[in-house]
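Position 199 (the sequence shown) corresponds to 216 in the working numbering; numbering is contiguous.
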Amino acid sequence: MAAQELLAGRAARESAPHTAVARAAFLDRDGVINIDHGYVSRIEDFTFVPGVREAAAELARLGFAIVVITNQAGIGRGMYTEADFAHLTRWMCERFAEAGVSIAGVYHCPHHPTQAQGALRVTCNCRKPAPGMLLAAARDLQLALDACVVFGDKCDDMRAAQAAGVHLRILLGKDGNELPADSCGADLVSHRYVSLAHALADPALRARLGHPARGGGK
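Here you go:
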(Lines of atoms letter the chains of each structure in order from A and count residues from 1; the text may use other names and numbers.)
(Lines give C-alpha, C1' and ligand atoms only; values in the text may rest on other atoms or scores of the structure.)
Protein backbone atom coordinates (compact mmCIF):
# COMPACT_ATOMS: atom_id res chain seq x y z
CA MET A 1 0.00 0.00 0.00
CA ALA A 2 1.63 3.25 -1.10
CA ALA A 3 -0.98 5.55 -2.64
CA GLN A 4 -1.66 7.89 0.26
CA GLU A 5 1.85 9.01 1.04
CA LEU A 6 2.80 9.30 -2.61
CA LEU A 7 -0.17 11.53 -3.41
CA ALA A 8 0.81 13.70 -0.47
CA GLY A 9 4.40 13.70 -1.70
CA ARG A 10 3.30 15.02 -5.09
CA ALA A 11 1.29 17.79 -3.44
CA ALA A 12 4.23 18.73 -1.25
CA ARG A 13 6.53 19.29 -4.19
CA GLU A 14 4.22 21.46 -6.28
CA SER A 15 6.52 24.42 -5.70
CA ALA A 16 9.46 22.61 -7.31
CA PRO A 17 9.77 22.35 -11.12
CA HIS A 18 9.34 18.86 -12.60
CA THR A 19 12.32 17.81 -14.67
CA ALA A 20 12.98 14.34 -16.06
CA VAL A 21 16.37 13.20 -14.78
CA ALA A 22 18.46 10.06 -14.92
CA ARG A 23 19.77 9.91 -11.36
CA ALA A 24 18.94 11.25 -7.94
CA ALA A 25 20.48 11.66 -4.53
CA PHE A 26 17.92 10.33 -2.05
CA LEU A 27 18.12 12.00 1.37
CA ASP A 28 16.47 10.78 4.52
CA ARG A 29 15.03 13.73 6.46
CA ASP A 30 15.22 13.47 10.27
CA GLY A 31 18.84 13.06 11.33
CA VAL A 32 20.23 13.79 7.85
CA ILE A 33 18.59 17.05 6.75
CA ASN A 34 17.43 18.25 10.17
CA ILE A 35 18.25 17.54 13.79
CA ASP A 36 16.05 14.64 14.88
CA HIS A 37 14.24 15.99 17.94
CA GLY A 38 11.62 13.25 17.51
CA TYR A 39 8.54 13.61 15.29
CA VAL A 40 9.46 17.09 14.06
CA SER A 41 6.35 18.68 12.58
CA ARG A 42 6.66 22.44 13.25
CA ILE A 43 8.89 25.05 11.67
CA GLU A 44 10.05 26.26 15.07
CA ASP A 45 11.35 22.75 15.87
CA PHE A 46 13.17 22.28 12.55
CA THR A 47 16.94 22.86 12.67
CA PHE A 48 19.04 22.07 9.61
CA VAL A 49 22.09 19.86 10.13
CA PRO A 50 25.10 22.15 9.55
CA GLY A 51 26.23 22.22 5.92
CA VAL A 52 23.42 20.06 4.56
CA ARG A 53 22.02 22.64 2.15
CA GLU A 54 25.43 23.49 0.76
CA ALA A 55 26.21 19.78 0.33
CA ALA A 56 22.88 19.24 -1.44
CA ALA A 57 23.75 22.12 -3.77
CA GLU A 58 27.01 20.37 -4.60
CA LEU A 59 25.12 17.15 -5.36
CA ALA A 60 22.90 19.13 -7.71
CA ARG A 61 25.97 20.56 -9.44
CA LEU A 62 27.19 17.00 -9.93
CA GLY A 63 23.99 16.23 -11.81
CA PHE A 64 21.77 14.68 -9.15
CA ALA A 65 18.15 15.50 -8.56
CA ILE A 66 17.54 15.90 -4.83
CA VAL A 67 14.75 13.68 -3.51
CA VAL A 68 13.68 13.37 0.12
CA ILE A 69 12.34 10.02 1.39
CA THR A 70 11.08 9.97 4.95
CA ASN A 71 9.09 7.73 7.27
CA GLN A 72 6.51 9.90 9.02
CA ALA A 73 4.65 7.55 11.35
CA GLY A 74 3.78 10.55 13.52
CA ILE A 75 0.95 11.17 11.06
CA GLY A 76 -0.41 7.68 11.54
CA ARG A 77 -0.01 7.95 15.29
CA GLY A 78 -2.12 11.13 15.32
CA MET A 79 0.73 13.36 16.54
CA TYR A 80 0.39 15.75 13.56
CA THR A 81 -1.55 15.90 10.32
CA GLU A 82 -0.84 15.59 6.62
CA ALA A 83 -1.47 19.34 6.40
CA ASP A 84 1.15 19.96 9.10
CA PHE A 85 3.65 17.85 7.20
CA ALA A 86 2.89 19.60 3.89
CA HIS A 87 3.29 23.04 5.50
CA LEU A 88 6.66 22.14 6.98
CA THR A 89 7.75 20.51 3.73
CA ARG A 90 6.97 23.62 1.70
CA TRP A 91 8.97 25.72 4.16
CA MET A 92 11.89 23.26 4.03
CA CYS A 93 11.91 23.31 0.22
CA GLU A 94 11.90 27.11 0.25
CA ARG A 95 14.95 27.13 2.51
CA PHE A 96 16.72 24.73 0.15
CA ALA A 97 15.78 26.96 -2.78
CA GLU A 98 17.44 29.90 -1.03
CA ALA A 99 20.64 27.82 -1.09
CA GLY A 100 20.21 27.14 -4.82
CA VAL A 101 18.70 23.66 -4.43
CA SER A 102 15.46 22.70 -6.16
CA ILE A 103 13.96 19.69 -4.40
CA ALA A 104 12.67 17.37 -7.14
CA GLY A 105 10.44 15.32 -4.85
CA VAL A 106 9.45 14.67 -1.27
CA TYR A 107 8.04 11.22 -0.51
CA HIS A 108 6.76 10.26 2.89
CA CYS A 109 5.14 7.25 4.51
CA PRO A 110 2.50 7.95 7.19
CA HIS A 111 1.90 4.29 8.03
CA HIS A 112 2.93 2.09 10.94
CA PRO A 113 2.12 -1.63 11.16
CA THR A 114 1.15 -1.62 14.86
CA GLN A 115 1.02 1.93 16.28
CA ALA A 116 -0.89 3.93 13.67
CA GLN A 117 -4.58 4.72 13.83
CA GLY A 118 -7.35 3.62 11.49
CA ALA A 119 -6.49 2.95 7.87
CA LEU A 120 -2.88 4.02 8.43
CA ARG A 121 -2.29 1.01 10.70
CA VAL A 122 -1.10 -1.28 7.95
CA THR A 123 1.93 -3.15 6.71
CA CYS A 124 2.72 -1.13 3.60
CA ASN A 125 5.32 -1.23 0.85
CA CYS A 126 6.50 2.34 1.44
CA ARG A 127 7.74 2.44 5.04
CA LYS A 128 11.48 1.94 5.01
CA PRO A 129 13.07 -0.64 4.92
CA ALA A 130 10.53 -1.33 2.14
CA PRO A 131 11.55 0.31 -1.15
CA GLY A 132 8.21 1.81 -2.19
CA MET A 133 9.16 5.48 -1.92
CA LEU A 134 12.28 5.01 -4.02
CA LEU A 135 10.41 2.98 -6.63
CA ALA A 136 7.69 5.61 -6.85
CA ALA A 137 10.27 8.37 -7.30
CA ALA A 138 11.94 6.33 -10.04
CA ARG A 139 8.61 6.11 -11.88
CA ASP A 140 7.70 9.75 -11.38
CA LEU A 141 11.11 11.24 -12.19
CA GLN A 142 12.33 8.67 -14.72
CA LEU A 143 15.31 7.68 -12.60
CA ALA A 144 17.86 4.96 -13.25
CA LEU A 145 18.05 3.60 -9.71
CA ASP A 146 21.37 1.84 -10.28
CA ALA A 147 22.89 5.28 -10.99
CA CYS A 148 21.43 6.88 -7.87
CA VAL A 149 22.80 7.29 -4.35
CA VAL A 150 21.07 7.11 -0.96
CA PHE A 151 22.16 9.02 2.15
CA GLY A 152 20.58 7.88 5.41
CA ASP A 153 21.34 7.54 9.10
CA LYS A 154 19.73 4.15 9.74
CA CYS A 155 20.22 0.61 8.51
CA ASP A 156 16.62 0.66 7.28
CA ASP A 157 17.57 3.46 4.86
CA MET A 158 20.30 1.21 3.50
CA ARG A 159 17.96 -1.78 3.30
CA ALA A 160 15.38 0.22 1.36
CA ALA A 161 18.10 1.35 -1.05
CA GLN A 162 19.36 -2.18 -1.51
CA ALA A 163 15.84 -3.50 -2.16
CA ALA A 164 15.29 -0.77 -4.76
CA GLY A 165 18.51 -1.59 -6.59
CA VAL A 166 20.54 1.46 -5.50
CA HIS A 167 24.17 0.35 -5.33
CA LEU A 168 25.76 3.41 -3.71
CA ARG A 169 24.50 3.54 -0.11
CA ILE A 170 26.00 6.10 2.26
CA LEU A 171 25.42 5.81 6.02
CA LEU A 172 25.68 9.09 7.93
CA GLY A 173 25.93 9.84 11.62
CA LYS A 174 22.71 10.94 13.29
CA ASP A 175 22.39 14.75 13.32
CA GLY A 176 25.88 15.11 11.86
CA ASN A 177 27.55 14.76 15.24
CA GLU A 178 29.78 11.71 14.83
CA LEU A 179 30.39 8.67 12.69
CA PRO A 180 27.37 6.34 12.45
CA ALA A 181 26.80 4.08 15.42
CA ASP A 182 24.55 1.61 13.60
CA SER A 183 26.34 -1.66 12.91
CA CYS A 184 24.89 -2.22 9.46
CA GLY A 185 26.54 -5.08 7.62
CA ALA A 186 29.26 -4.41 5.09
CA ASP A 187 26.94 -5.72 2.39
CA LEU A 188 24.58 -2.81 3.07
CA VAL A 189 26.90 0.18 3.35
CA SER A 190 29.23 1.58 0.69
CA HIS A 191 30.72 4.40 2.81
CA ARG A 192 30.26 5.99 6.24
CA TYR A 193 30.57 9.66 7.10
CA VAL A 194 29.66 12.02 9.93
CA SER A 195 27.28 14.09 7.78
CA LEU A 196 26.31 14.93 4.22
CA ALA A 197 28.76 17.82 4.32
CA HIS A 198 31.59 15.48 5.37
CA ALA A 199 30.64 13.07 2.58
CA LEU A 200 30.77 15.76 -0.11
CA ALA A 201 34.12 16.94 1.25
CA ASP A 202 35.70 13.56 0.44
CA PRO A 203 37.48 13.86 -2.95
CA ALA A 204 37.21 10.11 -3.56
CA LEU A 205 33.45 10.10 -3.12
CA ARG A 206 33.06 13.28 -5.16
CA ALA A 207 34.98 11.63 -7.98
CA ARG A 208 32.76 8.57 -7.80
CA LEU A 209 29.63 10.70 -7.78
CA GLY A 210 30.92 12.62 -10.77
CA HIS A 211 31.51 9.43 -12.75
CA PRO A 212 28.81 6.93 -11.69
CA ALA A 213 29.20 3.30 -12.69
CA ARG A 214 25.80 1.75 -13.38
CA GLY A 215 25.10 -1.85 -12.59
CA GLY A 216 28.06 -2.18 -10.25
CA GLY A 217 28.21 -3.34 -6.68
CA LYS A 218 29.61 -1.44 -3.74
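From the three backbone atoms N, C-alpha and C, an ideal C-beta is built for every residue, glycine too.
Cβ atoms of V211 and G182 stay farther apart than 8 Å, at about 27 Å. For the 8 Å CB-CB criterion, L188 and D204 do not form a contact. Counting along the chain, R78 sits inside the alpha helix (DSSP H) bounded by residues V69 to R78.
The C-alpha of A153 is placed about 15 Å away from the C-alpha of V166. At a Cβ-Cβ threshold of 8 Å, V118 and A90 do not count as neighbours.
T87 sits in a strand when the DSSP states are folded into three classes. The straight-line gap separating the alpha-carbon atoms of A103 and I120 is approximately 14 Å.
For H208, no alpha helix (DSSP H) segment is defined; the enclosing uninterrupted segment is the beta strand (DSSP E) at H208 to Y210. Here C143 carries a coil assignment [DSSP, helix/strand/coil]. Between the alpha carbons of R78 and P220 lies a distance of about 15 Å. Counting only residues of its own chain and dropping the five nearest sequence neighbours on each side, A214 has a CB closer than 6 Å to the CB of G68 and A72. When secondary structure is reduced to three states using DSSP, C172 falls in the helix class. In the displayed model, R225 falls within a helix according to three-state DSSP.
Distance from the Cα of A180 is smallest, within the candidate group F168, G149, L158 and R156, for G149.
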